[in-house]
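In our numbering, the protein residues as written are 357 to 451. Read the structure below first, then the notes.
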């Protein structure tokens with residue numbers, strides 16, 4: 357089994373939205389949850405590079421299955437009627 361090690365970037369935007377999820381000892385091909393604290397009046401759009409969102413798009417929690425070794429990124433856009441806040445999670449997958 358290959359393991360993934362992730363490094364969390366500091367959150368961007370107003371600081372009230374951030375991504376939580378397992379960032380070390382991740383196994384390629386297994387599913388992991390990433391979430392933010394949901395807030396009324398907001399929706400969430402997720403982008404994943406290096407993996408596949410298997411469920412949860414447009415909600416506060418997604419499940420991601422990581423693919424081949426290399427770089428991987430999770431990005432969440434928090435959308436309200438007024439502003440879009442961009443929050444990212446990036447790091448390295450197995451070598």
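Heads up, the beta-carbon is just placed ideally off N, CA and C, and yes, glycines get one too. Bear in mind that the values here come from a model prediction, so they are computed numbers and not experimental data.
- When the five nearest sequence neighbours on each side are left out, the beta carbons in the same chain lying within less than 8 Å of the beta carbon of residue 409 are those of 402, 418, 419 and 420, in order along the chain.
- The C-beta of residue 405 has fewer than 16 other C-beta atoms within 10 Å across all chains shown, which makes the residue exposed.
- 385 is the residue among 380, 378, 385 and 381 whose C-alpha sits nearest the C-alpha of residue 423.
- Excluding its 5 nearest sequence neighbours in each direction, residue 391 has C-beta neighbours in its own chain below 7 Å: 376, 377, 416 and 417, listed in chain order.
- With respect to the C-alpha of residue 436, the residue from 387, 388, 379 and 397 having the closest C-alpha is 397.
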